[in-house]
Each structure stands twice: as structure tokens, then as C-alpha cells.
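Report on the following structure.
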Amino acid sequence: MAAAAAARLLRLAPRRLQVKTSPLAALSFPLPRTPPLAAASGRRQSFCAAAQASAHAPAAAAAAATGPAGEAVGEFRKRLRVADVKGGEDEGAAWVGKELAVRGWVRTCRAQRTVTFVEVNDGSCLSNMQCVLTPDTEGYDQIDSVTTGASVLVEGVVASSQGGKQKVELKVSKITVIGKSDPTSFPIQKKRASREFLRTVAHLRPRTNTFGAVTRVRNALAYATHKFFQDNGFVWVSSPIITASDCEGAGEQFYVTTLLSNSAEGGSLLKDIPATKDGRVDWSQDFFCKPAFLTVSGQLNGETYASALSDIYTFGPTFRAENSNTARHLAEFWMIEPELAFADLNDDMACATAYLQYVVKYILENCKEDMDFFNTWVEKGIIDRLNDVVEKKFVHLSYTDAVELLLGSKKKFEFPVEWGLDLQSEHERYITEVAFGGRPVIIRDYPKEIKAFYMRQNDDGKTVAAMDLLVPRVGELIGGSQREERLDHLEARLDEQNLNKESYWWYLDLRRYGSVPHAGFGLGFERLVQFATGIDNIRDAIPFPRVPGSAEF
């Protein structure tokens, strides 16, 4: 009974450090500035330190004599993962003969007469660990529960693989089934499933090769984003998610309100929503005493901090209530928005170019296995396309020149080309993919009528200092501008677009007190993930897509 109880504790307790010395002791990676424990080194090997209780008993008894005392918290250590073993150039050959414990989820299980092969993936890389079991393996009596989707702990010795698909495999001495998976109902089987189907099981799709790889590349892009800006002296600012302003002036915002109570069965009745005498919603009785929305951009708030800290960036979720069911639009997405003080449009373009080249180079160098997967199964030639971004010089031309280029191409486009109309995706892709042979292109100086109120008006009175960075396959990836730092010009633009200046009083204050030339850009992070992975639909570039008619999970 005691042994069974201890086993249950090991399965259920929080993950903590195991004290016993591990054969992997020399390969430990303690966190910086964390003093190592004298009695324990090596990576995490067990689920908890329940076995430590008896070792701490004498100390606890001594402490009880002098006053209350708790048990010391164990040191956190990075857990050894499959990527640590198979991710090197030798694909794990250096690990041959060493003991190893792998925790993960079963991808496949193939039983033969005298041996069983179990593919285990822990999410750290695309590769599985092939685990070889025999009837003599401890825990082999659980083999019927080792099915696709089950979680397991396998322990054994790394050996050279007899097969040609991998360099090493694990000769298993012990297997423990941690969580069973019903093979008759588990929705993700070995056969390929469509991405449309996988969106209906978004809580399980990270276990597939495609979405595991997308998630790792997304993570690498996020890390590289912070590293680029931090290394270049930018300060990260948390912009608010709830706002009373409309940065883009398009009115496609989600309301945030507490006037709709959920206390009544079926929700609030219309008659219960407070209204003014003329029949409008009485926002003075709402939580913020005014209309409030989910933000469409952190830019305006970012400008306030750039006006004090010089160079800043925001990186957070944004929302658009645009009823669009295309492969390019989400209702909830993440935005990267740097703001540079004492900068003009040329500085803005240089920063956007350097940023994009940096993050693309980072994933090519640090996500090679996943990028090879995308190159083989998602978009053939994606690595060459991304190398072009890193190696080729970006070019820029004016909106006027871009329109003339399109008109002179004699190509028949679906959407009209005319000065004063916004460029569509097909126009942008033609420019970057055909006219400039796959080179990234920046279009600058757009007509002011098709751009936002905050963009600086050029001396011609017709255009603003705006820029869009175009890349092959996607079209516009980055949009930016020099911001209007002149108070009178900014107030005039607000009036032209019928925006309430009282709502932007604080934004106008930045022009009253120490205004400086400044610029910035916005990058939809999911579009960057699409560009970097070759994924066709933006709904597959974010863990849980929010689109019209769907807020599942």
C-alpha cells in the first residue's frame, strides 16, 4: 500500500528536482545566479521530490524545537529534452551509451514478434525519439495502453539505431504510462488531416508536425523580436488593451461594457440597458463612464513613451471587429510597434529593414529542422525565398512611381489601378515578386486620403510620409510612417476625418510640450509567422484563431 501511494504521489505532485545523483550530472544547466545544491546536480529526472521527505525529517524535527519551519524549495533546473539529444550536428551520436529519461506523447506504436517500437515526441523538436521495448522491459505489461496520444515516461540507454531514419534510439529499460489515450476516439491519427479539420480540434493540433513546427518558429520570432529591439536600445512598453481611442479611425472596434449583465437568464433585456432621453446608450452609467473598446493598436500610447524614453516598442494583442472571413484576417492578433524619437521616414524604413532581416536570419540559423520541414511539406523553396530577404538589398519607390509601374505592366488585375486608390495584395505581390524579382520593396509617400490621421503631411499637400514594406507571397508585411509632430496640422487632420479632438487631448499634448520629429511602424505578428513558415491561412499562424462566428477554445 505504501509503495502504491508513493507511486501516486510521483505521478500527481508538481514537478520538482530529484535529489539523487544522475548519470547526466555533468550536463546540468542551472539558471544564472542560482547557487547549486550540494547534494544534487543534473537535469530534472522525476516529477517531484516526494522521496526527499525522509531525508529532510531530521532537519524538520530540529527546526520544530526552535519554531515553525517549512521544507526548503528545490532548485529549478532545465529538463533534458529530445532536442538536446538529437538537435546537434551528430544527431545524438555523442549520447550513445548514456542513460536517458524521455517524457512525451506517443506518436506511433509498432509491435513486432520480439520487439516493439514506440515513437515519443516531447514537443521540443520535430524529431521523435524511437524507443525500443522488449517483453523484458519493466512496465511492458502496460503496452496495450501505449497508444497514439498517450503520455509516457521512458527510461533507458541511448544506442546507435539499426534503422536508416535516425542515428540513435533508446533501448528502454522501463516504461510508465502517465496518461492513457483512447485510440478509438483520439482525433489525430497517423494519417494526414486537413488544416480545416485541425482547426476544429485546436486544443490538440499542436501535437502534429505542422503545428508543432509553426509554434516553435513563432516562439523563435518572438524571442528574436525582443532581442533585436533590446540590443538596439529600445525599451519595451506594455500598451493598454482597453482604450477610448480609435488609432486607425476606421471604427472597427469591439466595445467593452458592463451594461450587458449575465445575471439574468439568457442575458440582459434591451429595456434594462440605460439610455439617454434621445434613445442612445447612456455610457455615463457604464464601467468607464464613457465608450471603451479593445485596442486596435498600441501606437498612440507608444508615442507617449517615445516622447520620454526616445526609442520604445510594444508587442501585444490587438483586435479588429472587421467582418472578414479571408485567409488574411483575424479578429484578434498580435502587433509589434516600435516608435523612434528624433527620427524621420528614412530612419523608419532603415529600422524596419534591419528588423526583418534580423528575425528572418535568426530562424534560418536556429530553426533548421523546422524550416527544412516547411521547405519539404509546406512551401518548396521557402528557404531560398527567406535567404533573399536576408541577403538582397531592399529598395524603395514612391506610391506615384508604383502606380506608373503597374499601369505600364499591361497586366490585367482584378482590382483597378489608379492614383488615389489603395494598392491591393495582387498589386503589391506583382511589384515585389515580378517587377523586382523577389526582392523586398518599400512603397512610400501615399495619398493622404487613404492613410490615417497621425501621418505627417508632405510639403506637396497631397501625400503623407507613409511607407509599406512589401515581401513576396504576402504583399504588405509592415506599415509605418513619420508621425505628424505639428499641432496645427494634426488638429486639422482630426477635423478632416471627423474625429473628436477631445478624445485625443492627451495625444495632442505631446505636440504642445516638447514635440519632436518621430516615426514608427506596425507589423502584424501572425503575418510574419505566415511569411516565415509558408502557411497559407493566417488562422494557422496563431494558437487559437478568433474570427467572425468562431471564438472556440
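All the letters of the sequence shown, read from the start, carry residue numbers 286 to 838 under the working numbering.
Beta carbons: idealized from backbone N, C-alpha and C, even for Gly.
Take the alpha-carbon of Pro576 and the one of Trp704: they are about 37 Å apart. In the DSSP assignment, Ile667 falls within the unbroken alpha helix (DSSP H) covering 667-676.
Judged by beta-carbon spacing, Val457 lies within the 7 Å limit of Gly441, meaning their Cβ atoms are closer than that value.
Beta-bridge annotation (DSSP): Met620 is paired with Gly601, Gly809.
Shown here, Gln415 sits in a strand according to DSSP, grouped into three states.
The criterion of a C-beta distance shorter than 7 Å is not satisfied by Arg503 and Phe496. With at least 16 other beta carbons inside 10 angstroms of its own, Ala498 counts as buried.
Taking 7 Å as the cut-off, the beta carbon of Phe513 is found no closer than this to the beta carbon of Tyr598. A Cβ-Cβ contact shorter than 7 Å links Phe838 with His488. Distance check between Thr589 and each of Trp390, Gly799, Ser446 places Gly799 closest, using alpha-carbon atoms only. The beta carbon of Gln815 sits closer than 7 Å to the beta carbons of Val759, Ile823, Ala826 from its chain, once the five residues preceding and following it are set aside; these are given in chain order.
With a 10 Å radius around the Cβ and a threshold of 16 neighbouring Cβ atoms, Arg724 comes out buried. DSSP places Met740 in no alpha helix (DSSP H); its state is neither H nor E. Just so you know, the alpha carbons of Ala628 and Val688 end up roughly 27 Å apart.
Residue pairing for Ala626: DSSP places it in a beta bridge opposite His803. Every alpha helix (DSSP H) stretch that sits fully inside the segment 681-738 and reaches 4 residues is listed by chain position as 684-693, 710-714.
For Asn406, the enclosing beta strand (DSSP E) starts and ends at 401-406. Using a Cβ-Cβ distance cut-off of 8 Å, the segment 464-472 and the segment 418-433 are in contact, since at least three pairs of beta carbons, one from each stretch, lie closer than that value.
Gly760 has Val756 as its beta-bridge partners, per DSSP. For Gly819 and Arg729, the gap between their C-alpha atoms comes out near 26 Å.
Ala817 counts as buried, since no fewer than 16 other beta carbons sit within 10 angstroms of its beta carbon. At the C-beta level, Leu671 and Leu649 come within 7 Å of one another. The segment 706-715 makes no contact with the segment 649-667, as fewer than three CB pairs between them are under 8 Å. Per DSSP, Arg392 lies in no alpha helix (DSSP H) segment; the continuous beta strand (DSSP E) that holds it begins and ends at 384-396. For Glu440, the enclosing beta strand (DSSP E) stretches over residues 436-445.
With respect to the 7 Å criterion, Ala379 and Cys410 are not classified as neighbours on the basis of their beta carbons.
Between Arg812 and Leu762, the CB-CB gap stays under 7 Å.
According to the DSSP secondary-structure assignment, Trp521 is paired through a beta bridge with Tyr598.
Burial check for Gln538: the Cβ neighbour count within 10 Å reaches 16 or more, so the residue is buried. In the DSSP assignment, Leu793 falls within the unbroken alpha helix (DSSP H) covering 790-797. Using a C-beta cut-off of 8 Å, the segment 594-611 makes contact with the segment 509-528, since at least three inter-stretch Cβ pairs fall below that distance. Scanning Gly408, Thr461, Leu793, Gly765 for the CA closest to the CA of Thr500 turns up Gly408. For Thr638, the closest of Ala836, Thr419, Gly807 by C-alpha to C-alpha distance is Gly807. Restricting attention to Arg480, Thr485, Phe402, Ser766, the CA atom closest to the CA of Gly448 is found in Phe402. Taking 8 Å as the upper bound for CB-CB distance, Val387 and Leu455 are in contact here, some 7 Å apart.
A direct Cα-Cα distance of roughly 51 Å separates Met634 from Ser445.
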